[in-house]
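A.B. asks: Each protein sequence line maps, in turn, to chains A and B. Residue numbers 1 to 349, in the working numbering, belong to the letters of the first sequence in order. Residue numbers 1001 to 1514, in the working numbering, belong to the letters of the second sequence in order. Structure in C-alpha cells, see below.
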Amino acid sequence: MSEDVWAEQDTTPDRIEAALRELLRQRHAANEQLAPARVLNLVVIVDREWKGEIANRLERVGRYHASRTVLCAVENARTTLDAVATVSYDEPKNGLGVIHETVEIDCGPEHLLGLQTIVDPVLVGEIPTVVWSPHGHDEAVNALLGLMDVMLVDSDDLLEPADAFDRVHDLREYAYVVDLAWLRTTPWRERLAASFDLPSRLAALHHISELEIRHQERSTASGLLLAGWMASRLNWQRTRLRGGLGMFTGSLGREEGETTVALRALEQESPGLVGVTVSSEEGTSLSLQRGFGGLDAAERNPDGELREWKILGASRGEGGILGEGVRQALLRDPTYVGALDAARELCPV
Amino acid sequence: MSTASPINLTDTDNPLVEGLERLPVHPTSLVIFGATGDLAHRKLLPALYNLAHEGQLPERFEMIGVGRRDQEHEDFRDAVIASIQRYSRRKPDENVLQGLLEDTRYVQGNFDDDEIYAELDRTLQEFDEQAGRHLDRVFYLSTAPEFFPLIASKLGAAGLNHVDNAHTRIVIEKPFGYNLASARRLNAELLEVFEEPQIFRIDHYLGKETVQNLMAMRFANALFEPVWNRNYVDHVQITAAEDIGIGGRAGYYDHAGALRDLVQNHMLQLLALLTMEPPTAFTADRLRDEKLKVLEAIVPPSVEEVATMAVRAQYGPGVVGGAKVPGYREEDGVPADSRTETYAALRLHVSNWRWAGVPFYLRTGKRLSRKLTEIAVILKPIPHLALKSSGSVGIQANQLVFTLQPDEGVSVSLGAKIPGTRMRIRPVNMEFRYGTSFLSESPEAYERLILDAMRGDATLFTRNDEVEALWGIVDPILEAWAQDTESEISTYPAGTPGPKEAEALLDGRIWRRL
C-alpha cells in the first residue's frame, strides 16, 4: 500500500478539502489507472486518546473501506484544528487501481456543536454519509444529523439495552440506522431461517414453546434483538422479560399457546451470541452453539433421539462486524425495525 | 402486551426468510463425478470451500467424489486440501476445512461400472440415515461431455434420479453437444432419466456479476430503454479477445475451435441478454423464455450465405508481450494441417420489431493483441450539427460500452466542448467502474452457480430449448466450414487484432480498437 500525505496544524476545512483535491489530482496525473473510490463517506468521532484503537479497527475492515473516512478526534482543551490527509492506493499491476482517502482532524470539545461546518466541506458530495461515534459525543452526532444518511451504532456498547434502543429509536427519525448488535445476530438468523425452511420443520415454527438465547455478558442487546426478531416475525405478543444476574425470562403469547423466552448471559471472549435453542410443543428441539469452524448443531426428536453435527462457517470476528456495518450502510434491512420495536418491549426493567 | 403489525403467517411461507441476504439452502449431498479432474480441483472444490467459509453451505452438507483414479478416502481428502490451499480465493481456515472434508467420501471406478452407482446409493443412504431425513441430492458431472448420457442413464438405472421427500438435480458443464444434432440427442438422453427442472446446464459466464449487471443496467435504468432499438442503435460489437494461446488444451481446442468454444455459448448468451425484451419477473422460466424468443429471432444463415457473414482464421507466429510465440499449427498437440479456427467473426441480425436492420458483429480469438471482453452499443450519428467542427476531431456517435474484462464497468462516450474561446468538440468518456463504486468483492461465478443449483434456482442456467436455439444459429456456419476442405485458412500474426478479412463483415464500419 502506498500513501501520499498532507498535514497542517491550525488549519481550516477549506484548506483540508483543497489539499485532498490536490493529492487526488497529483496521484491521478502520475497514474491515470488510479481512480478514487466513490461509494460512501464515513465520519467517525472518537476520543483523542482512543484514536489509535479506532483507527486499527477501521484498518481491519478489510475490503469494506469507506471511500473517504473523516476521523474527528476530540481532545480536551484544544481550540484549533490540526489535520492529516492521506490518499492510499495499491499501484495497479494491470487494470484499475482504487484510491481511498482518510482525513484525521484533531479538534476540541467546543468544535463539536458546530461539527457539521467542519465535516461537511470535507465530504464527497453525491454519495451517502455514514456517521459512527463509538465514544458517545451525542452533541457531535446531533450536529451531524442534517448531513448523515446512515448512523452506525452498537447497541451492545451501552450498559442498559433499553437506553441503547431508545437512542436508536430517536435516531431513526433522521437517518437509517445500522446496528452492530443486530449484525452480530445475522448468522444466527440465517441459520434459524434455513433450519425452519425444511417442510418438515416449517410447521413447528407455529408451535415454538421455548426459545433460549445465550449471549456474552455485554451483548444483552444482541440477545434481545434476536428474541425481538423471532417475536416480530412470528407475531408473538410482547411482554417485558423479568429476572436479573444474567438471566431474564418471560412468557410470550402466540396464536395458540405461549412461548417461554429466556436470555442467559455466559462467558465468551468475543461479543455477540453464544447459542440458541428452539424447542417445540411436540418435543423437538434444535440447538445451535458457537464452536470452532462453525456452529455445533444438536437436534432432539420427540423420542429423545439426539443428532449432532457441525454447520460450517468461519467467524468474521469484530473486525468483520465493523466491515459488515459499513457494507450494510448501502443496503436496507426491512426486518430490523420490527425486531427493534419488539426488543424495546421485551427489555427487562 | 402487544403485537405490532401482525405478519400474515401461512403454513408454506417461511417468515424468517424476509430481509435476509442469504436464502436458505436445504441439506444436500453433493456427488462430483470427475472429482480428480482439473475443473474440480481448480474451481469446484475451492468454490465449495469458500461457500463453507462464509457459512453459505446448507446446515447439513455431505460430499462424495467419484473418479477413475484408484485411491482411498484419505488420499482424496488430502488432494482436495492441497487444491483448496492452492486455488481458494481466501486463505483456508483449518477448522472449516477439516469440517468440510471430515466425512467426505471417494468412490472409485469407471463411469460405466454399475458398482459405483450401488456404492453411491449406499453412501447416500448412509448420509440420509445420519441426518434422519432424505437430503437433497446434486450430481455434478465435471467430466468429459461424452460421459453425460452414460452417467445419467446409470443414475437412472440405479434409481438415483429421484428420492422421496427431497430433490435430486444433475449439473452438467458445457459443451452441451457438438452441434445441433448432438445437442438434441444429449437433451433427449438426459430427459429420458431426469425432468427438465432437475437439469442444470452450467455456462459459468452467466454466473459472472458483470453479465448479471448487464440486466441490471438495462432493466433498472430508464435512461437506456428509449434508445434501445433500431431507431437509435446503429450497430453492436461484441468482442471476446484473448491474448493467450491454447496452452495445454490442444486436444480439446482443435476439436472445438473458436466458434464452439466461445461464440455458440458465451457470446450468444451476451447477445441474448443485450437484446431480449424485459422479462415480467426475474425468475428462471420468465427470463429464459425471453432469451429464447430473441435467439429464435436470429435467422441462421444458409450454408451458402456463410461466406458473406462469417470469417474464420488461425493465428500464425508472432510477438506477444515482447516474446516470440509459435503459430497455432506449431503448438504442441495441434496437427500441422489443422483447419480449426482460433478466430471467428460473425455478422448477425435479430429479426424482430425492436432490432430489425441493426447488425450485430461478434468476434473472438486467441493470441490477439490484448485480453478484452466487451459489448459496444454504437448509436446512430446526430442528424444535424449546428456547431462548426473545424479545429477539432469533430463529432463521433455516442457509444455505450459494457466491459466484462479486464476491468468491469460501463462507459458512455459523449461529445464535450474543448476548453477555450471557440466551440470545439471532442469525445470524452463518462466511466463507471465496479471496482470504485462497490465495497463488495464479486464472488466466483462457480460459488454462485453451485449454490443456485443446490437451491434449485435455474435462472442462470441454460434450458434445453435455449441450447438448441444457440446451436441452431451456429450450425450452418459449422457445416459450411466443415464442407470447405480446400480453401486456404486465413491467418493473422499472433499479437495483432485479427485477420484483415474480418473488416469486410462490417459494411464499411470499423472494429473498435482492441
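Every residue, glycine too, gets a C-beta built ideally from N, C-alpha and C.
#1: Counting only runs that start and end within the region 18-43 of chain A, where is the beta strand (DSSP E) found for 3 or more residues in a row?
#2: With a threshold of 16 other CB atoms inside 10 Å of the CB of Gln1056 (chain B), please say whether the residue is buried or exposed.
#3: If we ignore side chains and look at the alpha-carbon of each, how far apart do Val1080 (chain B) and Glu1444 (chain B) end up?
#4: Measuring alpha carbon to alpha carbon, tell me which residue in B:Glu1195, B:Ser1182, B:Asn1179, B:Ile1170 is nearest Ile1202 (chain B).
#5: Are the CB atoms of Ser285 (chain A) and Arg300 (chain A) nearer to each other than 9 Å?
#6: Take His1162 (chain B) and list the residues in its own chain whose beta-carbon comes closer than 6 Å to its own, dropping the five residues that flank it on each side.
#7: Measure the alpha-carbon distance for Ile1450 (chain B) versus Leu346 (chain A) and round it to whole angstroms.
#8: For Phe1438 (chain B) and chain A, any beta-carbon pair shorter than 9 Å?
#9: Would you report the Cα separation of Arg1433 (chain B) and Val278 (chain A), rounded to the nearest angstrom?
#10: Relative to chain A, which residues along the region 1051-1069 of chain B have a C-beta separation below 9 Å, given in chain order?
#11: Could you work out which residues of chain B lie near Trp309 (chain A), taking near to mean beta carbons separated by less than 9 Å?
#12: Mark Arg1122 (chain B) as exposed unless 16 or more other C-beta atoms lie within 10 angstroms of its C-beta, in which case mark it buried.
#13: Which chain A residues are close to Arg1433 (chain B), counting only those with a beta carbon under 7 Å from its beta carbon?
#14: Applying a beta-carbon distance threshold of less than 7 Å, which residues of chain A neighbour Gly1099 (chain B)?
#15: Taking DSSP's pairing of strands, which residues face Ala1158 (chain B) in a bridge?
#16: Would you say Asp166 (chain A) reaches chain B, if we count a Cβ-Cβ gap shorter than 9 Å as a contact?
#17: Using a C-beta to C-beta distance shorter than 9 Å, which residues of chain A count as neighbours of Val1025 (chain B)?
#18: Would you say the beta carbon of Glu1119 (chain B) comes nearer than 8 Å to a heavy atom of the ligand MN?
#19: Could you check which residue in B:Glu1447, B:Pro1335, B:Leu1404, B:Asn1398 has the C-alpha nearest to that of Met1430 (chain B)?
#20: What runs of the beta strand (DSSP E), each 3 residues or longer, lie entirely inside the region 208-271 of chain A?
#21: Answer yes or no: does any C-beta atom of chain A fall closer than 9 Å to that of Asp1093 (chain B)?
#22: Pull up the DSSP beta-bridge partners for Asp179 (chain A), would you.
#23: In chain order, what residues of the same chain have a beta carbon less than 6 Å from the beta carbon of Pro161 (chain A), not counting five sequence neighbours either side?
#24: Identify, in the order they occur along the chain, each residue of the same chain with its Cβ nearer than 7 Å to the Cβ of Asn76 (chain A), setting aside the five sequence neighbours on each side.
#25: For Gly1321 (chain B) and chain C, any beta-carbon pair shorter than 9 Å?
#26: In chain A, which residues lie less than 7 Å from Leu1020 (chain B) when you measure between Cβ atoms?
#27: For Thr1143 (chain B) and Trp182 (chain A), what's the separation of their Cα atoms in angstroms?
#28: Could you have a look at Pro1427 (chain B) and say whether DSSP puts it in helix, strand or coil?
#29: At 3 residues or longer, what runs of the beta strand (DSSP E) sit wholly inside the region 41-88 of chain A?
#30: Who are the neighbours of Arg233 (chain A) on chain B, taking C-beta pairs under 8 Å?
#31: In three-state DSSP terms, what is Gln1269 (chain B)?
#32: Given Val168 (chain A), which residues of its chain have a CB within under 7 Å of its CB, disregarding the five upstream and five downstream residues?
#33: Count the other CB atoms, across all protein chains shown, that sit within 10 Å of the CB of Thr1364 (chain B); report buried if there are 16 or more and exposed otherwise.
#34: Looking at Val131 (chain A): is its Cβ nearer than 9 Å to the Cβ of Val46 (chain A)?
#35: Can you round the beta-carbon distance between Asn1095 (chain B) and Gly293 (chain A) to whole angstroms, since I take them to be within the 8 Å contact cut?
#36: DSSP has Val1171 (chain B) in a bridge; who is on the other side?
C.D. replies: In this structure, then:
#1: 34-36
#2: buried
#3: 18 Å
#4: B:Ile1170
#5: yes
#6: Thr1168
#7: 40 Å
#8: yes
#9: 45 Å
#10: Leu1051, Ala1052, His1053, Glu1054, Gly1055, Gln1056, Leu1057, Pro1058, Glu1059, Arg1060, Phe1061
#11: Glu1059, Arg1060, Gln1130, Ala1131
#12: exposed
#13: Ala35, Leu96
#14: Gly293, Gly294, Lys310, Leu312
#15: None, per the DSSP bridge assignment.
#16: no
#17: Ala194, Asp197
#18: As far as ligands go, the structure on display features none, and thus does not contain the ligand MN.
#19: B:Asn1398
#20: 208-216, 242-244, 247-253, 258-266
#21: yes
#22: A:Val153
#23: Thr220, Ala221, Leu224, Cys347
#24: Pro109
#25: Chain labels in this structure do not include chain C; the protein chains are A and B.
#26: Arg189, Glu190, Ala193
#27: 44 Å
#28: strand
#29: 41-47, 68-74
#30: Ile1007, Pro1015, Leu1016, Glu1018
#31: helix
#32: Val153, Ser155, Val177, Asp179, Leu340
#33: buried
#34: no
#35: 3 Å
#36: B:Tyr1140, B:Phe1200
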